[in-house]
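**Student:**
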Amino acid sequence: MTMTTKHKIGDKTIAIKRPSKRTEFMAGIEFGMLSKGCKNFGICRIQVINRTDLLAINKKFEDFDGIALIYVEPSGNVEMFFLYKGMDEKIKKLYFGQKHFIVGEDVMVNAPSGCKNELSPKGIIRKGAYPFEKRPWGYWVRFY
């Protein structure tokens, strides 16, 4: 994502596109709907993982349905990169076996405290069906 800033120079205004200040973090994901006891489709729980503790990350692959890198834009838009590692074939087929990733109910995504981005934005993933891209290391989903 990029953001455009406008700058006035004399009597002219120029627009400069640059990367936006987004918040990035890693999280363990439990699939399902919270209101249905983590059954059905969607994202039930998001638990932040400290990326600096590599031993803990390897342990976390066993604790969740999947691991994702999460990006929250200042606008609240959310993107997630679900890693193949740690995701079993049943989960891959169920959630990524069709053309869209299904979200059964709205999910709040809160940036963890202590993020480097001083904005600490909150994002929301709305109920719906989202196309995704299959990449060499995982699935990329843009929830907007």
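Start counting the sequence shown at 6; every next residue gets the next number (this note's numbering).
Where is the CB? At the ideal position from N, CA and C, for every residue including glycine.
Please list, in chain order, all residues of the same chain as methionine 38 whose beta carbon is under 8 Å from its beta carbon, the five residues on each side excluded.
**Tutor:** For methionine 38, where only same-chain residues beyond five positions count, the Cβ hits under 8 Å are Lys44, Asn45, Phe46, Gly47, Cys49, Gly109, Glu110.
**Student:** Within this structure, are the beta carbons of isoleucine 75 and alanine 32 separated by less than 7 Å?
**Tutor:** Contact flag set, yes.
**Student:** Arginine 131: buried (16+ other C-beta within 10 angstroms of its C-beta) or exposed?
**Tutor:** Burial call: exposed.
**Student:** What number of angstroms, rounded off, separates the C-alpha of glutamine 103 from the C-alpha of proline 117?
**Tutor:** Approximately 31 Å, taken between the alpha carbons.
**Student:** What are the start and end residues of each continuous beta strand (DSSP E) run of 3 or more residues lying completely inside the stretch 38-103, in chain order?
**Tutor:** Counting whole runs of 3 or more residues, the stretch 38-103 contains the beta strand (DSSP E) stretches 44-54, 71-77, 83-88.
**Student:** How many Å lie between glycine 81 and glutamate 94 at the Cα?
**Tutor:** Whole-angstrom Cα-Cα distance: 31 Å.
**Student:** Need the endpoints of the beta strand (DSSP E) that proline 136 sits in, please.
**Tutor:** Here the beta strand (DSSP E) through proline 136 covers 133-140.
**Student:** Please classify aspartate 16: is it buried, with 16 or more other beta-carbons within 10 angstroms of its beta-carbon, or exposed?
**Tutor:** Per the 10 Å Cβ criterion, exposed.
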